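> When the letters of the sequence shown are read in order and numbered with the working numbering, they come out as residues 77 to 515. Even glycine gets a Cβ: it sits at the ideal position worked out from N, Cα and C. Bear in mind the structure is a predicted one, so any value in this text is a computation, not a measurement. For reference, the structure I am asking about is given below.
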Amino acid sequence: MLSRSDFPEGFTFGAATSSYQIEGHKFGGAGPTHWDSFAATPGNVILAENGDLACDHYHRYGEDLDLVANGGFDAYRFSTSWARVLPEGRGTPNDKGLDYYDRLVDAMLERGLKPFATLYHWELPQPLADLGGWRNRDIAGWFADFTEIIMGRIGDRLHSAAPINEPWCVAWLSHFMGYHAPGLRDIRAASRAMHHVLLAHGHAIEAMRGLGMSNLGAVCNMEYAMPADDSEAAKAAAMRYDGIYNRFFLSGLFGKEYPADVLEGIEPHLPAGWQDDFDTIAAPLDWCGINYYTRKLIAPDDGPWPALKEVDGPLPKTQMGWEIYPEGLAQFIERTHRDYTKGLPLYITENGMARADVLENGAIDDPERTAFLADHLDVVQKAIADGAPVRGYFVWSLLDNYEWTLGYEKRFGLVHVDFESLQRTPKNSYHTLKIALTR
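Okay, structure coming up:
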C-alpha cells in the first residue's frame, strides 16, 4: 500500500460515517424519520432492523473519534440528522440535538481532526415525508431553514460542509426503484425528487454562504456503466444509465442543464418552471466529492423508459455483490475534472468495500479490504500525478453500521462492531492503513 509520503503535502486522509447508520436514533429527543417507518414495514429491511441503537455513537463518539485520530487520519466526515435537530422537520429545534453536534465537533477539534460535515444522509423527518417529502417543492425551503439552524450552531468550526449525500440515492433509488425509504416506484415522484434534491442543495449553499461559511461542496455517488455486450442497444442502455446516475446531477450542479437523454424520460414529470431554478442549483461551489464503489454492466430491457437492466459481471465482488473495478474511479476523476468542475478541488468522499468479516481470536483478518483500498489509492495517486486536483480521500466506513435495507449484515467498517456488546475491534485493514498514514 502507498504511504502518506506518496501524496502531495496537505492531502487529506479521512474516515466517513453517517448519522442514522451509527448514532442510535432513539436517543436525545430525535423525531421519527421515514426510515423508521420504512423499516417497520414487513419485507423492506432484513430482520426489520432499524437505526434505534445502531452503534450507539451518540454516547460512544469519544471512543470512535479516538479510533479516527489514532488511525493516523486527518479528518472525519460525518452527517447531521435533520430529525435530531428538528423533530418535526420544522418549528422548534431540539436543544439536545444541537448540543450533541456541538460536543461532537468540539471533540473532533480536540483530537486535531478536521470536521467535514454533510447536512443530510437520507433520514427525512417523518412529518415532512407526510407532506410529500422530496416530491414537494417546499422541501427546498424547509431544508434551507434546517441548514441555517444547524450551521448557525456548528458552522463556525467546520473545515468543510456539503448539503446532501448522494442525490441519486435520495431521489432515484428511493422513488423510482423503491429500494430505500420512502420505497416508491413512481417515475413522476422520482423526477420531481431528482429536481428538488438539487434545488434544496442550492438553497442550502446560499444559506451557508449567508452565514459566512466557506469550503462548501457537493457529494455525488458515481457508478461506472458499461454495455453488457457490443450491441448498439446495450451501448445506448449504458449511456442512459450513466445519464440518470452520473451526468444528471453533475450537469445540473455545474452546467445549469439536464442531459437530453434523461429529459427524454423525466421531462413530462418535472415540476412547472424547473428550467428557472438552475441559477440556484448551480450556486458556486469550492469542491466536488466523488463517492465510488463499483461498475455495472447494463443491457437493454423491454418496457418503458429507461428500458435497461443490470447484468451480472465476471469480476471479483464484494459482500454487496458489487464488482471491484478501480479503473472506474480513474475515469470519473478524469471526466469530472475535464467536463464539469474544470479545476475545482476534488475529494474522494467515500470508497470502501463490504466483507463478511468474522472476529477470530480477538482479531479480524480482511486482506481483501486492504487490497481494495490499496488499489483505489493507487488510482488516486496516479490521477494526481496526471494533473487531477484531488485533495483528499475518505474511507467508507469507520465502523460496521446499519446498512439500510440490508440491516446489520453487510460490514463496511475498518473497525468491527459487535452489535450485541457494541465492542469495537479494529480490523487488520485499519492497522495496515494506520502504518501507511503515519510514515
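Given Glu282, which residues of its chain have a CB within under 8 Å of its CB, disregarding the five upstream and five downstream residues?
As a working note, residue 282 is residue 206 in the sequence shown. Answer for Glu282: Ala220, Thr356 and Ala359, listed in chain order.
> Out of Gly209, Gly104 and Pro108, which one is the CA nearest neighbour of Tyr134?
For the purposes of this step, residue 134 is identified with residue 58 of the sequence shown, where counting begins at 1. Ranking Gly209, Gly104 and Pro108 by Cα distance to Tyr134 puts Gly104 first.
> Candidates Ala151, Tyr506 and Pro108: which alpha carbon is nearest Arg166's?
Here residue 166 refers to the residue found at position 90 of the sequence shown. Residue Pro108 is the option with its Cα nearest to Arg166.
> Is Trp363 near Leu420, with beta carbons less than 8 Å apart?
Working through the sequence shown from its first residue, we reach residue 363 at position 287. Working through the sequence shown from its first residue, we reach residue 420 at position 344. Taking 8 Å as the Cβ cut-off, Trp363 and Leu420 qualify as a contacting pair.
> So what does DSSP say about Arg411, is it helix, strand or coil?
Within the sequence shown, residue 411 is the residue found at index 335, counting from 1. If DSSP states are grouped into helix, strand and coil, Arg411 belongs with the helices.
> Could you check where the beta strand (DSSP E) with Met184 kicks off and where it finishes?
Here residue 184 corresponds to residue number 108 of the sequence shown, with the count starting at 1. Note, Met184: premise wrong, no beta strand (DSSP E); alpha helix (DSSP H) at Asp171 to Glu186.
> Which residues share a DSSP beta bridge with Asn241?
By 1-based counting over the sequence shown, the position of residue 241 is 165. Beta-bridge pairing links Asn241 to Val295.
> Scan the region 462-497 and note each continuous beta strand (DSSP E) run of 3 residues or more that stays entirely inside, going in chain order.
Runs found: 466-472 and 491-493.
> Just reading off the alpha helix (DSSP H) that Gly278 is part of, what are its end residues?
Here residue 278 is taken as the residue at index 202 of the sequence shown, counted from 1. Segment Ile263 to Gly286, the alpha helix (DSSP H) holding Gly278.
> Would you report the Cα separation of Trp244 and Val273, rounded to the nearest angstrom?
Translated into positions along the sequence shown, residue 244 becomes position 168. Translated into positions along the sequence shown, residue 273 becomes position 197. If I take the Cα positions, the gap works out to 9 Å.
> Could you tell me the alpha carbon to alpha carbon distance between Arg467 and Gly379, rounded to whole angstroms?
Within the sequence shown, numbered from 1, the residue matching residue 467 stands at position 391. Within the sequence shown, numbered from 1, the residue matching residue 379 stands at position 303. Spanning the two alpha carbons is a distance of roughly 43 Å.
> To the nearest whole angstrom, what separates the beta carbons of Leu449 and Leu509, a pair I think is in contact under 8 Å?
Working through the sequence shown from its first residue, we reach residue 449 at position 373. Working through the sequence shown from its first residue, we reach residue 509 at position 433. The Cβ separation is near 6 Å, so the contact holds.
> Whose CA, out of Leu339, Pro191, Ala375 and Asp178, lies closest to the CA of Phe89?
For this step, residue 89 is matched to residue 13 along the sequence shown. That would be Pro191, whose Cα lies nearest to the Cα of Phe89.
> Are there three or more Cβ pairs, one per stretch, closer than 8 Å when the region 114-122 is compared with the region 492-506?
Cβ pair count under 8 Å is below three, so no.
> Tell me which same chain residues have a C-beta within less than 8 Å of the C-beta of Arg179, skipping the five on either side of it?
The count along the sequence shown starts at 1 and reaches residue 179 at position 103. Counting only Cβ-Cβ distances below 8 Å, and skipping sequence neighbours, we find Tyr137.
> Can you find at least 3 beta carbon pairs, one from the region 143-155 and one from the region 193-201, that sit closer than 8 Å?
Segments in contact, yes.
> Nearest to Ile225 by CA position, among Ala205, Ala247, Arg160 and Ala266, is which residue?
Along the sequence shown, one-based indexing puts residue 225 at 149. For Ile225, the nearest C-alpha among the options comes from Arg160.
> Threshold first: 3 residues or longer. Then list the beta strand (DSSP E) segments lying entirely within the region 366-398, N to C.
The qualifying runs are 384-387.
> Which residue or residues does DSSP assign as beta-bridge partners of Arg153?
For the purposes of this step, residue 153 is taken as the residue at position 77 of the sequence shown. Ala92 and Phe192.
> Mind the definition here: the region 90-97 touches the region 470-488 only if three or more C-beta pairs lie below 8 Å; say whether that holds.
As far as the Cβ criterion goes, the region 90-97 touches the region 470-488, which means the pair count is three or higher.
> Looking at the secondary structure, which residues open and close the alpha helix (DSSP H) in which Glu340 lies?
The count along the sequence shown starts at 1 and reaches residue 340 at position 264. First-last of the alpha helix (DSSP H) with Glu340: Ala336 to Ile342.
> Roughly how many angstroms lie between the CA atoms of Ala375 and Met253, to the nearest whole one?
For the purposes of this step, residue 375 is taken as the residue at position 299 of the sequence shown. For the purposes of this step, residue 253 is taken as the residue at position 177 of the sequence shown. Going by the C-alpha atoms only, they are around 17 Å apart.
> When the Cα atoms are used, what is the spatial distance from Glu410 to Asn322?
Along the sequence shown, read from residue 1 onward, the residue named residue 410 stands at position 334. Along the sequence shown, read from residue 1 onward, the residue named residue 322 stands at position 246. Looking at the two C-alpha atoms, the distance is approximately 14 Å.
> Run through DSSP, which three-state label would Leu346 get?
Taking the sequence shown and counting its residues from 1, one reaches residue 346 at position 270. Correct three-state label for Leu346: coil.
> From which residue to which residue does the alpha helix (DSSP H) around Glu308 run?
Residue numbering aside, residue 308 sits at position 232 when the sequence shown is read from its first letter. Note, Glu308: alpha helix (DSSP H), Glu308 to Asp318.
> One question on the structure: do Tyr317 and Arg371 come within less than 8 Å of each other, judged by their Cβ atoms?
Position 241 of the sequence shown, counting from 1, holds the residue named residue 317. Position 295 of the sequence shown, counting from 1, holds the residue named residue 371. The answer is no: Cβ separation not under 8 Å.
> Quick check on this structure: which residue in Ser473, Leu162 and Asp232 has the alpha carbon closest to the alpha carbon of Tyr368?
Here residue 368 refers to the residue found at position 292 of the sequence shown. When each option's Cα is compared against that of Tyr368, the closest is Ser473.
> Within a Cβ cutoff of 6 Å, which residues of the same chain sit near Arg261, ignoring the five residues on either side of it in sequence?
Translated into positions along the sequence shown, residue 261 becomes position 185. These residues qualify, in order along the chain: Gly254.
> Quick one: what does DSSP say Ala216 is sitting in, helix, strand or coil?
Counting from 1 along the sequence shown, the entry for residue 216 is found at position 140. Looking at Ala216 - three-state DSSP - the assignment turns out to be helix.
> Between which two residues does the alpha helix (DSSP H) containing Arg160 stretch?
Reading the sequence shown from its first residue, position 84 is the one you call residue 160. It spans Trp158 to Val161 - the alpha helix (DSSP H) in which Arg160 sits, taken as one unbroken run.
> Output the distance between the C-alpha atoms of Leu292 and Ala383, rounded to the nearest integer angstrom.
Walking along the sequence shown from the start, residue 292 turns up at place 216. Walking along the sequence shown from the start, residue 383 turns up at place 307. Computed Cα separation, rounded: 36 Å.
> If you draw a straight line from the C-alpha of Phe470 to the C-alpha of Asn427, how long is it?
On the sequence shown, residue 470 is found 394 positions in, with the first residue counted as 1. On the sequence shown, residue 427 is found 351 positions in, with the first residue counted as 1. About 7 Å.
> Thr356 by DSSP, collapsed to three states: which one?
Counting from 1 along the sequence shown, the entry for residue 356 is found at position 280. Residue state, collapsed to three classes: helix.
> With a cut-off of 8 Å on the beta carbons, I'd call Asn504 and Asp441 a contact; round off their distance for me.
Counted from its first residue, the sequence shown places residue 504 at position 428. Counted from its first residue, the sequence shown places residue 441 at position 365. Right, the Cβ-Cβ distance comes to about 5 Å (below 8 Å), so this counts as a contact.
> Under the assumption that Leu174 contacts Arg229 (Cβ atoms under 8 Å), give the Cβ distance between them as a whole number of angstroms.
Taking the first residue of the sequence shown as position 1, residue 174 is located at position 98. Taking the first residue of the sequence shown as position 1, residue 229 is located at position 153. The Cβ separation is near 5 Å, so the contact holds.
> Excluding the five sequence neighbours on either side, which residues of its own chain have a C-beta within less than 6 Å of the C-beta of His271, listed in chain order?
For this step, residue 271 is matched to residue 195 along the sequence shown. Taken in chain order, the residues that qualify are Leu346 and Trp350.
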